[in-house]
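Below is one structure, written out as structure tokens; comments come after it.
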Ligand code: HPA
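Residue numbers (the working numbering): 45 to 293.
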């Protein structure tokens, strides 16, 4: 199965049930990762953990050093990487507190370092990204959700915006016409960089608000935080089941 790494997003500075063994500060050819990489155990199984936004949630999505994060996880032996993602829901199936395992991505970001092969060091390379997520890890994740009694919505197309502001109602309407079900700010370039390194990458998304123009009135942080807290609680048994391999056939 290979060593599992979990990248925690908003609401996941720590993982529920995670026992820390040691935190290793690291450097990479692309700079420092968001935080020291934490080696530890979840449900009795060794995993790696990295908080995407750094300690104290100090890095906004457009300032995360995605290259350093993925490089560090790979260098420490991770073979499977799960990215946790708080998202907004666009289409009807994806209301607040729904868990989703996306199968497709659309990129609306700009100015992010998208590749390890940027021509500065070594040859240019073009990886296949037809199916942006690792099918095995997606299936393991869906089984882990089922084992934890959580019905995860899939498939889903995740549109990645630049942030840090939330979108306008017109931007969300355009994204819906494009086929997006979910909107978040961190799914790319994370998934693409994982693919460049040959890592098996999937995402567990959880909806913390209706996207702009899809709910009643303005989006409030108070409501987002309430949904985030609920989803963080629900995710504990899912992640434990994934780590324990109850996701495996
Ligand atoms: N838009 C973008 N990113 C998000 C949202 C949203 O509505 N909710 C959580 N992350």
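Virtual Cβ for every residue (Gly too), placed ideally from N, Cα, C.
From a predicted model like this one, the values you see are computed outputs, not experimental measurements.
Quiz prompt | Proximity test, residue 232 beta-carbon vs ligand 1 heavy atom, cut-off 7 angstroms | solution = The answer is no for residue 232.
Self-check item: Cross-strand partners of residue 63 (DSSP beta bridge)
Solution: 85
Practice problem: Check the C-beta distance from residue 130 over to residue 250 and give it rounded, since I have them as a contact under 8 angstroms. | Solution: 6 angstroms
Self-check item: Heavy atom of ligand 1 within 7 angstroms of residue 229 beta-carbon
Solution: Remark: the shortest separation between the CB of residue 229 and any heavy atom of ligand 1 falls under 7 angstroms.
Exercise. State yes or no: is the C-beta of residue 128 nearer than 7 angstroms to some heavy atom of ligand 1?
Key: Result no, Cβ not under 7 angstroms from ligand 1.
Self-check item: Among 237, 187, 227, nearest to residue 135 - alpha-carbon criterion
Solution: Taking residue 135 as reference, the option from 237, 187, 227 with the minimal CA-CA separation is 227.
Practice problem: Let me know the secondary structure DSSP gives residue 233 once reduced to three states. | Solution: Helix.
Exercise. Please determine if the stretch 87 to 94 and the stretch 145 to 164 are in contact, where contact requires at least 3 C-beta pairs separated by less than 8 angstroms.
Key: no
Practice problem: Inspect the beta-carbon positions of residue 234 and residue 48 and report whether they are closer than 8 angstroms. | Solution: no
Quiz prompt | Where residue 65 falls, given that 16 or more other Cβ within 10 Å makes a residue buried | solution = exposed
Exercise. Please go through the stretch 185 to 237 and give each complete beta strand (DSSP E) segment of 3 or more residues, from N-terminal end onward.
Key: 201 to 205, 226 to 228
Quiz item: What is the C-beta distance between residue 243 and residue 123, in whole angstroms, given that I count them as a contact (C-beta under 8 angstroms)?
Solution: 7 angstroms
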